[in-house]
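These notes are about the structure you will find just below.
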Ligand code: GLN
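Residue numbers (my numbering): 1 to 547.
Here it is as structure tokens:
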């Protein structure tokens, strides 16, 4: 039976609960425990798959095909434990399960209520995989006191009582605002948010206090007294230069010790922090810098491409260089030559995306990188753009495009070199789709295998000819254009095992030009940089040495 740590937040949102949870997971691992992290989100979307990345940040895809909150990306990057469908839940999913059961007649004769039916559904979710790990870390999205969050807090209250004593603890994150006028840190909002928790029957065992200024011992003691926690369970959390400092910083402040103390685990096994020391060493002892242009659309909000930014950092760590990723709006050179904007970059990355806006600029970026022999990594839509570029500019298919854009406009304008995928194989099943299907959860999602041509660049990069990567797309490069494109030097170097779906393309006559239909960034970790990102950055370093 796992021990449970519930992680909640108060005072304001965006306190870094996800990061604190992930760092705690890493620290428990460093002490030899096994962990699994989970996210409970109070919004009513069934999953974040249909939300705009502008609003909600990136959609993180799991191996088993769930579209989840970006916090699950942090969890994986810090613990290396692949997240599953059952590690992410929203109110929308809970209610849809409950309503489905109601229609099926599972509760026949009963009046369906938040307590117990919704809270039972939440508790069922919490228990999944309970016997697999030492610690289950469950983060509750939002802030205590939010209307939407109440059923989750109530479910946790019940859950704690149903477990043997000492099996569950609560870690609460708050903010200590600093008043410059009086030069003081204020503890009152923290006290209020703890009161809010207490009023729904929950009491924190560990308080993590975000602060921009050092927290004096006196204030720490005051928080402990007024919030009913032990003084050494009040953990300061100061701003960090990099998120990867979090495990070591939280360890220094005693977070893992406080958590183990709260469970009564004594003596606590000694931690081995060498993984995080090495990560920090690589980050702080980088030599030189490469500039990577990320040509995209969601450039206003970096969170929209969280995993790509992180994977590039990891690629830099693998080469001990700093990667300066700059987000460039593809619409800047929708019609003209991108040279003026892209010159001076050592590599170009075109990430995934949806919709036509910005795509002409992305196609131009791909053409520019191909012609100038600058390393190019195209991810999902970025691969599709590279293929359309080759089709137009090398194979002479002037109106080459994606059916996605025709569907968006409701008009036929392009020759569909990229078409709407209607059928594919998943394990032993054939998946079928049609154009009018629901949008939620119907893409080709999750881990699929690809077979690589042993003679290709990508096989060299991976050091393997069979790989498994995560997907999230509805459209696909049409295999029927393969011969035409290969005749022009674009090599289809990775295919689905049945040989029907192009997974990877590269240009033969180019030092480093790779397009992948999947999302390699989702599997990169600071302590295990993804080979594609590591080698892409290596190629960028070579370019930087030439100029
Ligand atoms: N919009 C494209 C598709 O659905 C690419 C998706 C993506 O980049 N994730 O196929």
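We treat Cβ as the ideally placed atom computed from N, Cα and C, and that holds for glycine.
Here's a check: name, in chain order, each residue in its chain whose Cβ is nearer than 6 Å to the Cβ of residue i, leaving out the five neighbours to either side.
i           : result
residue 361 : 330, 331, 333 and 334
residue 346 : 290, 291, 540, 543 and 544
residue 405 : 356
residue 31  : 269 and 271
residue 525 : 77 and 80
residue 338 : 364, 365 and 368
residue 200 : 153
With a threshold of 6 Å (Cβ to nearest heavy atom), would residue i be considered close to the ligand GLN?
i           : result
residue 485 : no
residue 548 : Coverage of the chain is limited to positions 1 through 547, which leaves residue 548 absent and any answer about it impossible.
residue 420 : no
residue 473 : yes
residue 518 : no
residue 354 : yes
residue 408 : no
residue 184 : no
residue 488 : no
residue 468 : no
residue 445 : no
residue 404 : yes
residue 522 : no
residue 381 : yes
What did DSSP end up calling residue i once you bin it into helix, strand or coil?
i           : result
residue 268 : coil
residue 280 : helix
residue 488 : coil
residue 157 : helix
residue 6   : strand
residue 323 : strand
residue 345 : coil
residue 410 : coil
residue 111 : coil
residue 329 : strand
residue 91  : helix
residue 383 : helix
residue 433 : coil
residue 517 : coil
residue 237 : strand
residue 512 : coil
residue 500 : coil
residue 77  : helix
residue 529 : coil
residue 120 : helix
residue 364 : helix
residue 402 : strand
residue 449 : strand
Cα-Cα, which of the options is closest to residue i?
i           : options               : result
residue 141 : 178, 19, 517 and 36   : 19
residue 280 : 322, 425 and 24       : 322
residue 153 : 166, 165 and 170      : 170
residue 27  : 12, 479, 403 and 270  : 270
residue 162 : 149, 195, 145 and 119 : 119
residue 381 : 373, 413 and 420      : 420
residue 245 : 222, 278 and 494      : 278
residue 484 : 532, 400 and 468      : 400
residue 462 : 514, 274 and 100      : 514
residue 263 : 40, 166 and 537       : 166
residue 97  : 124, 71, 82 and 74    : 124
residue 363 : 376, 386, 372 and 351 : 386
residue 208 : 460, 8, 527 and 507   : 8
residue 146 : 43, 429 and 316       : 43
residue 274 : 251, 267 and 266      : 251
residue 129 : 85, 16 and 41         : 85
residue 375 : 254, 452 and 508      : 508
Sorted by chain position, which residues of the same chain lie with C-beta nearer than 7 Å to residue i's C-beta, five sequence neighbours on each side aside?
i           : result
residue 29  : 35 and 79
residue 258 : 206, 232, 233 and 235
residue 342 : 293, 348, 365 and 368
residue 112 : 98 and 102
residue 48  : 56, 59, 67, 68 and 69
Considering only residues of the same chain and omitting the five flanking positions on each side of residue i, which have a CB-CB separation below 8 Å?
i           : result
residue 184 : 178
residue 14  : none
residue 409 : 356
Please report whether the beta-carbon of residue i lies at a distance below 7 Å from any beta-carbon of chain C.
i           : result
residue 390 : Going by chain labels, chain C is absent from the structure shown, which holds only one protein chain.
* At a cut of 8 Å, does the stretch 423 to 436 reach the stretch 51 to 60 through at least three beta carbon pairs? -> no
* To do: Kindly confirm or deny that the stretch 514 to 527 and the stretch 302 to 311 touch, where touching means at least three C-beta pairs closer than 8 Å.
  => yes
* To do: Evaluate contact between the stretch 189 to 201 and the stretch 213 to 227, counting only Cβ atoms and requiring at least three cross-stretch pairs below 8 Å.
  => yes
* Three or more beta-carbon pairs under 8 Å between the stretch 4 to 18 and the stretch 103 to 118, yes or no? -> no
* Inter-stretch contact (C-beta, 8 Å, three-pair minimum) for the stretch 464 to 476 and the stretch 444 to 454 -> yes
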